[in-house]
Structures are given as C-alpha cells and as structure tokens.
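Heads up: the structure comes next, in structure tokens.
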Amino acid sequence: MKNGFTYPEPASTGVSNSYGTHTHLCEVCDSVIPYPDSLTVTDQGYAVCRSFSCKRIMQQKEIMPAAQFESQLAFNRKLLSQRREKDRIRKQLVDKITSRERKEHESIFQETLSTNPDLCEDNTHLIVIPSGNCEIVAADEERQTRYIEHLNDIVDQACEYADASQVIHDEHHDAYAKRLAVDHRLDNNPELRVLSDDLCSLCRGGCCASGKEHAYLSVFSMRRHMDENPEHTAAQIIDLYRSKMSDESIGNSCINHTANGCALPRHLRSDICNGYYCDSLKSYQKKMDDRKPSGAVLVIQRSSSYWNKFEPGVYNKIVNVALIRNRTDTSRAMDSDG
21 MKNGFTYPEP ASTGVSNSYG THTHLCEVCD SVIPYPDSLT VTDQGYAVCR
71 SFSCKRIMQQ KEIMPAAQFE SQLAFNRKLL SQRREKDRIR KQLVDKITSR
121 ERKEHESIFQ ETLSTNPDLC EDNTHLIVIP SGNCEIVAAD EERQTRYIEH
171 LNDIVDQACE YADASQVIHD EHHDAYAKRL AVDHRLDNNP ELRVLSDDLC
221 SLCRGGCCAS GKEHAYLSVF SMRRHMDENP EHTAAQIIDL YRSKMSDESI
271 GNSCINHTAN GCALPRHLRS DICNGYYCDS LKSYQKKMDD RKPSGAVLVI
321 QRSSSYWNKF EPGVYNKIVN VALIRNRTDT SRAMDSDG
C-alpha cells in the first residue's frame with residue numbers, strides 16, 4: 021500500500037517465455053518486457069519497458085497521490101492508444117499506396133521488355149523518381165527574413181568554435197560523411213555521375229520541398245566554410261549567401277529552389293543537399309558502385325515530391341516514363357495525363 025492506495029501486481033501475459041517464467045507487460049504501453057528487464061519488476065513494484073516516456077510516467081508512481089497518478093496513467097494510455105491508431109491508419113495507407121505503385125511499375129517494366137526484345141530483366145534497371153513543384157512565386161519578404169535570421173544564427177554560433185572539429189556532433193556531421201562517400205563513388209564513376217545529374221534535372225527538385233527557410237544549412241557547415249576560407253568574416257559569409265537569394269523561387273519548396281535549380285553554387289549548399297539522392301537512384305548507384313552503368317534504365321516519374329507522396333488525398337500519378345539507353349536517347353515519354 022502506497023499513498024493510501026493498494027496498487028495491483030504488475031501485469032503478466034500469462035505466457036511463459038524461454039526461461040520458463042511469465043512475461044510482463046509495460047503498464048503504460050502494454051508492450052512485452054524482455055526477460056532480463058523484467059527481473060527488476062519486483063524491486064520497482066511496477067512493470068515498465070525501456071521507453072523513456074514510459075519510464076518517466078511510471079516514476080511518478082512513488083511520489084504522486086494514488087488517485088492523481090491513476091488519472092495521469094489513464095490519460096497517457098489514452099494518448100498512446102490514439103497515437104497507435106493513427107500510426108496504424110498511416111501504415112495501412114502507405115502499404116496500400118506502395119502495393120498499388122509496385123504493381124504499376126512492374127506492369128510498365130514488363131511492357132517495356134516485351135516491346136524491346138534486346139532488353140531483359142538482367143540488363144534493364146528501374147528507377148522511380150519524384151517531381152519538384154513547377155509553380156514560380158515572387159520572393160516573400162517574410163520568408164527571406166526567416167532565412168536571413170537563420171543565417172545570422174548559425175554563423176554566430178559557428179564563430180564560437182575554433183574549428184569544425186569542436187562543433188557538437190549532430191546529424192550534419194553524419195551528412196558530411198555521407199556526402200564524402202557519395203562524392204567518392206561518383207568521382208570514380210563519371211558516367212554514373214552524369215546519369216545521376218540527368219535524372220535529378222528531370223526530377224527538378226522533388227527532394228527540395230523540405231528545405232523551407234533553412235536550406236539545411238547548419239553551424240557545422242558554416243564553421244567548415246570559415247576553416248576553408250579564413251579570410252572571410254562572419255559578415256562577409258552572410259553577405260555571400262544573401263547575394264545568391266533570388267527574386268523568384270519555386271512555391272512550397274526551399275527558398276533557394278528556383279526554376280533553374282538551386283540558387284546556391286554547390287560549394288555553398290548544405291552537406292545534406294549535396295549528398296542526397298532519392299532511395300531508388302541511391303540503390304542504383306550502389307549497384308553500379310564498381311562498374312560503369314550498363315544496359316538500359318527505365319525511369320518512371322511520379323507527380324508528387326519526395327515528401328508528400330503518402331499524404332491523404334494525394335494521388336501520386338505517373339507523369340513520365342523514359343527508357344534511357346545512353347545520355348541522349350529517350351525512347352518513350354508520356355504526357356502529364358499518363
């Protein structure tokens with residue numbers, strides 16, 4: 021009995037595990053607790069999984085009045101249940117769309133093979149790419165202000181470090197390492213780089229939509245720029261980026277996404293942008309890692325960007341199909357009603 025309330029014993033599944041003992045369920049999320057973790061159940065007086073949020077909730081059991089804790093536990097269990105249902109519906113939608121699109125891709129792939137006798141599954145590669153938005157909009161003052169504020173913020177923070185090695189490790193360090201690996205692969209395979217660039221040009225920025233007003237520029241990238249260009253002051257770096265801002269950009273995309281591509285030259289872009297390729301193209305690059313692109317590439321382009329293809333109400337239709345045997349040969353194309 022604690023706080024005047026007798027708590028029930030930790031929930032058990034009633035099922036024996038490989039150790040011959042009953043397994044326990046987390047009192048917050050109902051997930052099965054691995055046997056080694058369940059050894060602490062008796063000492064704690066409650067069963068909880070490894071989730072930080074579940075542990076945080078159950079730790080209140082010792083210090084809260086019983087009725088208040090039970091109310092909080094019930095509230096959090098309800099939130100978790102709602103989140104799980106939302107995730108279930110989302111997964112169901114993603115699985116349905118993925119299955120439908122996979123069948124469409126396979127149908128087009130087989131049709132292409134049947135009409136091109138020299139091709140077979142072994143020498144024909146399928147790549148599916150998204151589409152960037154084509155709507156051009158005038159520069160928005162509010163967006164530009166947020167972008168400049170972001171630049172000022174990350175440059176100011178970068179000035180606090182003596183060099184890039186001192187910057188706190190985050191996802192941008194990982195992006196830099198991935199970018200170097202991608203650059204190495206493509207530098208050693210110029211034909212693969214050419215094909216990759218051609219497909220990115222066809223896509224026209226389907227991966228840029230999430231760049232918003234930060235363009236994935238970071239403290240780490242600014243500090244590296246300072247290390248590589250010690251003659252540049254903080255003000256000069258900000259002015260350099262501001263000088264590349266366009267009067268027009270693509271709507272609902274990165275502020276640097278223009279009708280002619282990225283407004284920033286490659287050396288000023290983020291590592292995330294420089295090293296990023298959509299999954300389908302990245303998979304093809306890895307297959308061609310140690311050899312020249314061979315055979316034909318069947319490219320299927322869909323209408324949505326890389327980030328909204330699974331949103332409710334979005335129909336990610338096929339807008340273009342191209343069979344590429346070399347850089348200049350596009351043997352089949354479909355219009356936007358395809």
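Residue numbers (the numbering used here): 21 to 358. Heads up, the beta-carbon is just placed ideally off N, CA and C, and yes, glycines get one too.
Check whether residue i and residue j have beta carbons under 8 Å apart
i	j	result
residue 290	residue 206	no
residue 229	residue 294	no
residue 317	residue 145	yes
residue 52	residue 320	no
residue 330	residue 114	yes
residue 240	residue 296	no
residue 117	residue 93	no
residue 226	residue 274	no
residue 323	residue 127	no
residue 261	residue 222	no
residue 308	residue 209	yes
residue 143	residue 315	yes
residue 247	residue 194	no
Beta-ladder partner(s) of residue i, from DSSP
i	result
residue 317	145, 344
residue 277	282
residue 204	Note: residue 204 sits in no beta bridge, so no partner.
residue 322	338
residue 124	Per DSSP, none; premise fails for residue 124.
Cutoff 8 Å; reference residue i; Cβ partners in own chain excluding five residues on either side
i	result
residue 176	254
residue 216	206, 297, 301, 305
Residue i versus residue j - alpha carbon distance
i	j	result
residue 370	residue 90	In the structure as shown, the chain begins at 21 and stops at 358. Residue 370 is therefore absent and cannot be evaluated.
residue 164	residue 186	30 Å
residue 141	residue 156	40 Å
residue 50	residue 190	32 Å
residue 105	residue 332	15 Å
residue 298	residue 326	8 Å
residue 250	residue 259	15 Å
residue 86	residue 102	24 Å
residue 132	residue 139	8 Å
residue 345	residue 224	21 Å
residue 136	residue 256	56 Å
residue 303	residue 201	14 Å
residue 122	residue 107	22 Å
residue 47	residue 334	38 Å
residue 168	residue 268	16 Å
residue 313	residue 343	14 Å
residue 292	residue 82	45 Å
Proximal residues to residue i (C-beta, below 6 Å), its chain only, five neighbours per side dropped
i	result
residue 234	170
residue 270	153, 277
residue 283	264, 266, 276
8 Å contact criterion, which residue i and residue j should meet: CB distance rounded
i	j	result
residue 97	residue 178	Residue 97 to residue 178, Cβ: 44 Å. No contact.
residue 301	residue 219	6 Å
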